[in-house]
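Per the working numbering, the sequence shown starts with residue 793, numbered consecutively. Encoded as structure tokens, the structure appears first; notes follow it.
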Amino acid sequence: MSSGLHKGRVAIVTGAGSGIGRSTTERFISEGGSVVAVDKDTDSIGWAESDDRIFPIVGDVTDSELNDHAVRKAKEIYGGLHAAVFNAGVPARGDILESDMKIFDNTIAVNVRAVVLGLKAVVPELLRTGNDGSIAVTASTSGLRGDPEMWAYNTSKAAVINLVRATAVDLGPRGIRVNAVCPGPTETGMTERAMNDIESYESLRRRMPLQRWGTSDEIASVISFLISTQASIVTGAIVTADGGMSANAGQFLPKEKP
């Protein structure tokens, strides 16, 4: 049963074709809102085409025109913009000495620069629409520390975490809130490789005090709260949603579930 948390509100969600982005889009409309859903893959976003509460756009978030286009559609079709969720991202693995710099450049372009482009595009319309504009960014617990052979991804997520803090400081006086959610191991298409590797899957699971991976719906519920008016005092927050993984110093594994 819907609580109407987002009734009459409009959001832009990037990376909306699958995983956390799709779950966030579905949750937002189930709570009474409308979404401009952005994804790079035509096939992935096809599920949204038959719902008039969702306007799907296929494009590259690293393109400033794509971000401007999404804002225009939010205004033209739904009358304004109340929230934005910058969820699009790419993984990156490889030894720092052997990895091509093109991998690093692309990771920064999608995971950091595209968020800046998105911020610059949505803020004027959030201000015009008024009434507690809110932005949420999908970061990662990998932005809080290092992981083996994930230096490019770690760097990008650490950068976007501090981008959230800095823009929260700058935009707070204008009434716009900016927050980040840091998922831990979560069952999505991006993590499919680790999910299919039993050893990797179990290794990560054992490091989580809750003893299980998260789901995209669980992360979406955190995002939904952060962009809602119920979180009206929350800005600059970096919310971990990782089953307690980042709470553990890492010297010892949590006890197995009884």
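A virtual CB, placed ideally from N, CA and C, is assigned to each residue, including glycine.
Query raised in the report: So, Ala884 versus Ser932, is the Cβ gap smaller than 9 Å?
Result: no
Query raised in the report: Within the chosen definition, does the region 928-943 reach the region 953-967 through at least 3 CB pairs nearer than 8 Å?
Result: yes
Query raised in the report: Since Ile900 is in the beta strand (DSSP E), which residue starts that stretch and which ends it?
Result: Premise fails: Ile900 lies in the alpha helix (DSSP H), Met893 to Ile900, not in any beta strand (DSSP E).
Report task. Would you be able to state if there are at least three C-beta pairs under 8 Å between the region 883-897 and the region 835-854? Result -> no
**Report entry** Segments of 4+ residues assigned as alpha helix (DSSP H) that fall wholly inside the region 905-991
**Finding:** 906-921, 943-963 and 984-988
Query raised in the report: Taking Pro1046 as the reference, which of Ile1015, Leu1002 and Ser1013 has the closest Cα?
Result: Leu1002
Query raised in the report: Do the region 994-1014 and the region 936-945 touch if we need at least three Cβ pairs shorter than 8 Å?
Result: no
Query raised in the report: Between the beta-carbon of Gly838 and the beta-carbon of Ala803, is there less than 9 Å?
Result: no
Report task. Consult DSSP for Met1037 and reduce its assignment to one of helix, strand or coil. Result -> helix
Query - Local conformation of Val850 per DSSP, three classes - result: strand
Requested in this report: Within the same chain, show all residues whose beta-carbon is closer than 8 Å to that of Gly800, passing over the 5 residues directly before and after it, in chain order.
Outcome: Gly824 and Gly825
Query - Proximal residues to Ser815 (C-beta, below 6 Å), its chain only, five neighbours per side dropped - result: Ser1008, Asp1009 and Ala1012
Query raised in the report: What are the uninterrupted segments assigned as beta strand (DSSP E) that are 3 or more residues long and contained completely in the region 993-1040, given in chain order?
Result: 1030-1033
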